[in-house]
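Notes for the one structure printed next.
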Amino acid sequence: MRQVRVKAYADCLLKLTGRSLLRWEWMSALDPVRRAYRTNSVRRIKAYEGRYNPGGIRPMGVEIEFTNRCNLSCIFCPNASHRRARGVMSPETLHVLACGIKDLEIADVTIGGFGEPLMDAGLPEKLDALRAGAGQAKISIVTNGVLLNGAIAERICRGRLADSIHVSIDAEAGGPYADIHGADAFDAVVSNLKQLNKLKLQHNLDKPAVHVRYKLVSAGIRRYLRFVSVFSDIADAIHPYANLFQWPGSSMPKNGVDLSRRGIKLACGNLWKSARVNWNGDVVLCCQDYEGSVVLGNIREQSLLDIWNGDRIAKYRAAHLRGDFDRLGICRECQINTHVINPW
Ligand code: SF4
Numbered sequence: 567m568r569q570v571r572v573k574a575y576a577d578c579l580l581k582l583t584g585r586s587l588l589r590w591e592w593m594s595a596l597d598p599v600r601r602a603y604r605t606n607s608v609r610r611i612k613a614y615e616g617r618y619n620p621g622g623i624r625p626m627g628v629e630i631e632f633t634n635r636c637n638l639s640c641i642f643c644p645n646a647s648h649r650r651a652r653g654v655m656s657p658e659t660l661h662v663l664a665c666g667i668k669d670l671e672i673a674d675v676t677i678g679g680f681g682e683p684l685m686d687a688g689l690p691e692k693l694d695a696l697r698a699g700a701g702q703a704k705i706s707i708v709t710n711g712v713l714l715n716g717a718i719a720e721r722i723c724r725g726r727l728a729d730s731i732h733v734s735i736d737a738e739a740g741g742p743y744a745d746i747h748g749a750d751a752f753d754a755v756v757s758n759l760k761q762l763n764k765l766k767l768q769h770n771l772d773k774p775a776v777h778v779r780y781k782l783v784s785a786g787i788r789r790y791l792r793f794v795s796v797f798s799d800i801a802d803a804i805h806p807y808a809n810l811f812q813w814p815g816s817s818m819p820k821n822g823v824d825l826s827r828r829g830i831k832l833a834c835g836n837l838w839k840s841a842r843v844n845w846n847g848d849v850v851l852c853c854q855d856y857e858g859s860v861v862l863g864n865i866r867e868q869s870l871l872d873i874w875n876g877d878r879i880a881k882y883r884a885a886h887l888r889g890d891f892d893r894l895g896i897c898r899e900c901q902i903n904t905h906v907i908n909p910w
């Protein structure tokens with residue numbers, strides 16, 4: 567898998583150098599630079615809006631939380647500390663959602679959120695229902711990979727239930743893995759991915775594409791190179807991440823680069839392009855709203871299109887276009903809409 571390796575090295579180099587340049591404080595303090603970034607973010611959003619009106623704005627992607635239960639306790643994730651009720655999406659809720667996805671011709675569906683999708687015993691049936699009900703949408707699963715084995719892995723593969731699987735690993739060996747994820751399941755994940763790779767070869771399947779993730783910030787290059795050597799033969803792509811961000815409103819220890827002074831705040835594309843649906847059917851502000859503190863509507867009560875064009879989200883969008891983040895609760899503290907994390 568030489569190609570995977572070369573791409574993983576190039577990606578790492580690009581991200582580390584690119585992000586270092588973007589973090590230059592003197593640059594982000596210059597008024598013309600700030601204005602250019604802001605104007606560009608508004609222009610792109612206006613272009614996106616223009617594609618859909620007058621039928622109403624539609625998200626191009628939906629992230630679905632099948633469950634907010636998890637089997638790990640990772641240092642960078644607020645799952646362990648969030649206070650909303652824990653549960654699993656019902657088949658009825660998923661059915662309504664799948665119809666909405668099909669009606670709006672949404673292109674991408676991600677199964678993720680603040681839980682581990684494989685903790686949901688009904689996962690294969692739900693993926694079946696999505697395949698049948700959600701039109702042509704591409705389906706991706708975000709998982710820690712610990713439970714991706716046996717009959718479930720075989721069913722996902724042979725049933726072509728997912729186009730891609732994204733595995734958050736972030737470690738090159740058992741010790742660092744346990745430090746980051748709260749349990750040493752490194753060997754189990756490696757073994758599961760080997761098995762998945764074997765299944766795909768045996769049945770001549772190109773899907774699901776397996777993507778593995780690694781956070782560069784805390785680890786450094788040498789450990790990343792070891793990571794690449796472990797996974798380049800069993801993954802289709804390796805994704806290094808150069809930023810760790812602070813969850814807005816969270817009291818978790820800061821585990822990334824402090825962007826509060828260096829980041830230029832931009833109008834956030836998530837408010838237009840990416841809907842987030844929790845296990846109970848609540849459509850919440852975005853992927854950063856781990857407490858579900860801003861509920862835009864519930865898909866059992868309103869159509870996805872109505873929610874996505876409702877008053878509550880409209881208020882947030884208008885404030886973002888004005889560059890007025892100060893009264894917006896979690897958006898005020900969020901770092902996702904900074905030029906360092908989403909530069910273009
Ligand atoms: S700025 Fe942050 S909190 Fe606000 S919508 Fe964007 S990602 Fe969500």
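The sequence shown begins at 567 in the working numbering and counts up one residue at a time. Glycine included, each C-beta is placed from N, C-alpha and C at the ideal position.
Classify residue i as buried or exposed, calling it buried when 16 or more other Cβ atoms lie within 10 Å of its own Cβ.
{"i": "Asn770", "result": "exposed"}
{"i": "Arg624", "result": "buried"}
{"i": "Trp592", "result": "exposed"}
{"i": "Thr633", "result": "buried"}
{"i": "Arg788", "result": "exposed"}
{"i": "Ala737", "result": "buried"}
{"i": "Tyr679", "result": "Per the sequence shown, the amino acid found at residue 679 is Gly instead of Tyr. Under this definition Gly679 is a buried residue."}
{"i": "Gln812", "result": "buried"}
{"i": "Leu670", "result": "buried"}
{"i": "Pro806", "result": "buried"}
{"i": "Leu693", "result": "buried"}
{"i": "Leu663", "result": "buried"}
{"i": "Gly666", "result": "buried"}
{"i": "Ser734", "result": "buried"}
{"i": "Ile602", "result": "Rather than Ile, the amino acid found at residue 602 in this sequence is Ala. Under this definition Ala602 is an exposed residue."}
Can you name, in chain order, every residue of its own chain whose Cβ lies under 6 Å from the Cβ of residue i, other than the five neighbours on each side?
{"i": "Arg635", "result": "Arg652, Gly681 and Met685"}
{"i": "Ala833", "result": "Ser607, Val608, Ile611, His886 and Leu887"}
{"i": "Leu851", "result": "Val860"}
{"i": "Ser816", "result": "Pro644"}
{"i": "Arg600", "result": "Ile830"}
{"i": "Val776", "result": "Ile731, Ala801 and Asp802"}
{"i": "Asp848", "result": "Gly858, Val861 and Asn864"}
{"i": "Asn836", "result": "Cys852"}
{"i": "Ile873", "result": "Val849, Leu862 and Gly863"}
Got a sec, what are the start and stop residues for the beta strand (DSSP E) residue i sits in?
{"i": "Tyr856", "result": "Element bounds for Tyr856: n/a, residue is neither H nor E."}
{"i": "Ile804", "result": "Ala803 to Tyr807"}
Starting from residue i and walking both ways along the alpha helix (DSSP H), at which residues does that stretch end?
{"i": "Ser840", "result": "Looking at the DSSP string, Ser840 is not in any alpha helix (DSSP H); the run it does join, the beta strand (DSSP E), is Ser840 to Val843."}
{"i": "His732", "result": "Counting along the chain, His732 falls outside any alpha helix (DSSP H), though it belongs to the beta strand (DSSP E) covering Ser730 to Ser734."}
{"i": "His886", "result": "Asp877 to Arg888"}
{"i": "Lys764", "result": "Phe752 to Gln768"}
{"i": "Phe793", "result": "Ile787 to Phe797"}
{"i": "Asp772", "result": "Asp772 -> no alpha helix (DSSP H), and no H or E assigned at all."}
{"i": "Trp813", "result": "Counting along the chain, Trp813 falls outside any alpha helix (DSSP H), and DSSP gives it neither H nor E."}
{"i": "Leu871", "result": "Leu870 to Trp874"}
Please work out which residues of its chain come closer than 7 Å, Cβ to Cβ, to residue i, disregarding the five sequence neighbours upstream and downstream, and give them in chain order.
{"i": "Ser798", "result": "Met567, Val570, Arg571, Ala574 and Ile804"}
{"i": "Cys900", "result": "Pro814 and Gln854"}
{"i": "Gly748", "result": "Leu638, Ser639 and Cys640"}
Return helix, strand or coil for residue i, following the three-state DSSP convention.
{"i": "Gly740", "result": "helix"}
{"i": "Asn864", "result": "strand"}
{"i": "Arg568", "result": "helix"}
{"i": "Arg721", "result": "helix"}
{"i": "Val599", "result": "helix"}
{"i": "Asp848", "result": "strand"}
{"i": "Ile951", "result": "Outside the modelled stretch of the chain, which goes from 567 to 910, sits residue 951, for which no answer is possible."}
{"i": "His777", "result": "strand"}
{"i": "His905", "result": "coil"}
{"i": "Ile705", "result": "strand"}
{"i": "Ala576", "result": "helix"}
With a CB to CB cut of under 8 Å and the five nearest residues on each side skipped, what residues in its chain are close to residue i?
{"i": "Glu691", "result": "Pro657"}
{"i": "Leu782", "result": "Cys578, Lys581, Leu582, Tyr790, Pro806, Tyr807 and Ala808"}
{"i": "Asp674", "result": "Met626, Gly627, Val628, Ala703, Lys704 and Ser706"}
- Complete runs of the alpha helix (DSSP H) confined to the stretch 611-691 [at least 4 residues]: Here the runs fully enclosed are 657-669.
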